[in-house]
Structure formats: C-alpha cells, structure tokens
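S.K.:
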Amino acid sequence: MTITSPGTSTSAATVERPAKPAHRPYRVRVAAVRRLAPSFVRITFTGDDLGDFGVDGLDQRIKVVLPLEATGYDTFPTDDWYASWRALPPEQQNAFRTYTARAARAERREVDVDFVCHGDTGPASAWAGRARVGDELMLIGPDATSGVTGSGVEWSPGDARTVLLAGDETAAPAICSIVEALPVDARGCVFIEIPTAADELDLVAPPGVDVHWLPRRDATSGHGEALVVAVRRWTARYVTAWHHGVEVSEVDIEHDILWDVPQGDDPRGTAVSSDLYAWFAGEAGAIKTLRRFLVSEVGIDRRQVAFMGYWRVGKSES
Ligand SMILES: Cc1cc2nc3c(=O)[nH]c(=O)nc-3n(C[C@H](O)[C@H](O)[C@H](O)COP(=O)(O)OP(=O)(O)OC[C@H]3O[C@@H](n4cnc5c(N)ncnc54)[C@H](O)[C@@H]3O)c2cc1C
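Here our numbering = 1-based position in the sequence shown + 73.
1) Beta-carbon within less than 6 angstroms of aspartate 283's beta-carbon, same chain only, minus the 5 sequence neighbours each way: which residues are those?
2) Assuming contact is defined by CB atoms lying nearer than 9 angstroms, are leucine 237 and valine 301 in contact in what I supplied?
3) For aspartate 122, name the three-state secondary structure that DSSP assigns.
4) Skipping 5 residues on each side, what residues in its chain have a beta carbon closer than 7 angstroms to that of tryptophan 228?
5) If we call anything under 9 angstroms between Cβ atoms a contact, is valine 392 one with valine 103?
6) Tell me, please, which residues DSSP counts as bridged to lysine 136.
7) List the endpoints of the continuous beta strand (DSSP E) containing valine 39.
8) Name the two residues that bound the continuous beta strand (DSSP E) containing isoleucine 265.
9) Whole angstroms is fine: what's the gap from valine 334's alpha carbon to tyrosine 350's?
10) Hey, would you say leucine 139 sits closer than 9 angstroms to threonine 148, going by beta carbons?
11) Thinking just about the alpha-carbon of each residue, which of Val128, Ala270 and Pro163 is nearest to the one in serine 391?
12) Using 8 angstroms as the threshold, is the stretch 207-224 in touch with the stretch 284-299, meaning 3 or more CB pairs across them?
13) What's the call for valine 386, buried or exposed, on a 16-neighbour Cβ count within 10 Å?
14) Can you tell me which of the three DSSP states glutamate 180 falls into?
15) Would you mind reading off the limits of the alpha helix (DSSP H) that contains tyrosine 311?
16) How is phenylalanine 149 classed by DSSP in three states: helix, strand or coil?
17) Going by the beta-carbon positions, is the gap between proline 246 and serine 112 smaller than 9 angstroms?
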C-alpha cells in the first residue's frame, strides 16, 4: 500500500540485462501559464527530451522536482535517481511532489500539469503560484524508450460497465483525463469536490456519465465532506443486492500512505459488484472514510475499486 517511486519501477526487468527504468528525469522550462480557475493553474512545460515522454494519459502520475535555492539541480542524481537522492545529505536533496500529467504532446515536446494553488505552505504550490514563462523545473515521468507502458497509471476498469469516480481538487486533473478517455457508451457518475463554485472546469463526458462538481460550503467545511455525502447517496441508489461488507485493515494515515488499489487476482473481498469499477482519490482522511464505508459497510469487491490518498491535511508529502 505505497506509492511506487517512479524512478524505481522496473516491471519489465529481464534476467539477462536490467531493464531500462520506466521513468526518468526531464529538464523542462515553462512555456505557458494559464489560470484555469481561482484554484487551478495550468503550466505547460517544454523540453528537448519531452518527445520521449511516454504518457499514457488517464491518472498518469509524475514527480515535480523543485530547484534548490542556491544550486538548482546541480546535486540531483540522474541515474537511479531515487536511491541516489536518498543517499544525499538533506541540504542537497531537492524537494519533490507527486502530480498528474494532465496532457502530453510528444510531437510538440510539451506536457501540461494542472496545479492546485493552496498558497505558500508547500514548495510545489508556492512554485506554481509564481511560475513565469522560461522558469526551469525538472519532471520525472514515463520514458517511452524504456518499452514499459502503464507504469504509474492506476485506472483499470476491466470489463466493468458502470464507473464511479470521486475526488477532490487534487484529483480533478486525473479525473478529467480519465473521463475524456471513456468510451462514448460508458455510463456512471463523477463527483469532484472543489474549493469554490468558480473552480468548476470544462469537462466533456459521454452522455451516460453524470458529472457533479461539489463546491465546499465555505472555507471552514472540511476537505472531503461533500464527497463522502455524495458517494453515500449515490451508493444507496446503486446498490440493490450487494452482500454485507468485510473488515478492512485500518491504515494509519498519519504515518502510512493510503494506496489500496487492485492487485491482479488477489481475493480482496466479496465478489458482488463486478459491474462497477470505482476510483477514489483525494485527501487521505476522506478517502479512508470512503474506503471503510464501501468495503466494510457496503461490501464492494475490492478488486473493483482503487482508493488513493493524494495528500493529507497538515502534512507535507515528504
Ligand atoms: C498520484 C498523485 C497525483 C496528484 N496529482 C495532483 C495534480 O495533478 N495537481 C495537484 O495540485 N495535486 C496533485 N496531487 C496532490 C499533491 O501531490 C499534494 O497536494 C502535494 O502535497 C502538494 O505539494 P506542496 O509542496 O504544494 O505541499 P506540501 O509541502 O506537500 O504540503 C504543505 C501543506 O499544504 C497542505 N496541502 C497540500 N496539498 C494541499 C491542497 N491541495 N489543498 C490544501 N492544502 C494542501 C498539506 O496538508 C501541508 O499542510 C497528486 C498526488 C498524488 C499522490
């Protein structure tokens, strides 16, 4: 139940020769900054190597590596970056955060990332809030020349005929990409909790998929409150004959990352809902509540649902 570090992912390893890592660092610069809504800024990056950026769309996760104030990226290791980065003294360690590649245009060597602007409390949000055309950054993303595809993507609906997606503003980029890729005959429901009504983004969904933007009541309403209510209501209507739930092991979200996604044929609950595939991401406390509700109370088949804590109130990502 961890976020696989992109730089360490080697799912295509062969016995004879170590596989090329599925992800690698890209030096990029800001090509455009566009305010999408009060809480979202889209930054378009360009870089000489971005033609190799093997984005698979959907909820493709990447790392944004922030420059050190004095030395930029001078000490950032390019080979086996994660293990080497961990071995550095703290003052030489660049901060990095996890984001979603909202779009990639390999032919134009461009990648878009939609940042939630939550002020100066975190280095990534602070950087994005001040970004100007020409600023330099480093991304760690999929490498098309590695021959590995799908690494860092969790969306995996299989044969499910109904989809349920729910997330907060940090999951909005992933949800928008996923919805845009749904087949035209898809059906289901999407809930996206956002800070204010003005943060609703343009999103075109197939006709059978209802999209609900859920603005928070005010600045004091808790992250995920509206999401939990909406998912509970939807589930009450959708669930007709599911079995009773099974106990889930609790996740200590203060110390561990909540990342509970389907793993192969692992029997992870009752097989009662194969028609549905559900995907949840956002503030870890809210996702934990949804996980307990759907697995323990409702009895959703855990092979059909991904629960991902994207961030935690009061905690930095690293
Ligand atoms: C797979 C994955 C994909 C993600 N994709 C995106 C994406 O596309 N766009 C995006 O904006 N975020 C995305 N996130 C969430 C993002 O990684 C976190 O919000 C991250 O904490 C931001 O880093 P920071 O440096 O701004 O803040 P941190 O240094 O990590 O945190 C500083 C403080 O800010 C708080 N904080 C962090 N994020 C928020 C927030 N959104 N609102 C309010 N307070 C916050 C923390 O609780 C902490 O108290 C994704 C996360 C994951 C795991």
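C-beta: ideal position from N, C-alpha, C; glycine also.
M.R.: The relevant details are as follows:
1) These residues qualify, in order along the chain: Cys262.
2) Not in contact: leucine 237 and valine 301 (Cβ atoms no closer than 9 angstroms).
3) Aspartate 122 sits in coil when the DSSP states are folded into three classes, being neither helix nor strand.
4) For tryptophan 228, where only same-chain residues beyond five positions count, the Cβ hits under 7 angstroms are Leu131, Asp132, Ile251 and Trp352.
5) Lying before the first or after the last residue shown, residue 392 is absent from the chain, which here runs from 74 to 391.
6) DSSP output for lysine 136 lists Thr171 and Ile213 as bridge partner(s).
7) Any answer about residue 39 is impossible in this case: the structure gives the chain only from 74 up to 391.
8) Segment 260-267, the beta strand (DSSP E) holding isoleucine 265.
9) If I take the Cα positions, the gap works out to 11 angstroms.
10) Not in contact: leucine 139 and threonine 148 (Cβ atoms no closer than 9 angstroms).
11) Of the candidates Val128, Ala270 and Pro163, the one whose C-alpha sits nearest the C-alpha of serine 391 is Pro163.
12) Result no; under three Cβ-Cβ pairs closer than 8 angstroms.
13) Valine 386 comes out exposed.
14) Here glutamate 180 sits in helix by DSSP.
15) Its alpha helix (DSSP H) spans residues 298-311.
16) Note: phenylalanine 149 maps to coil in three-state DSSP.
17) No.
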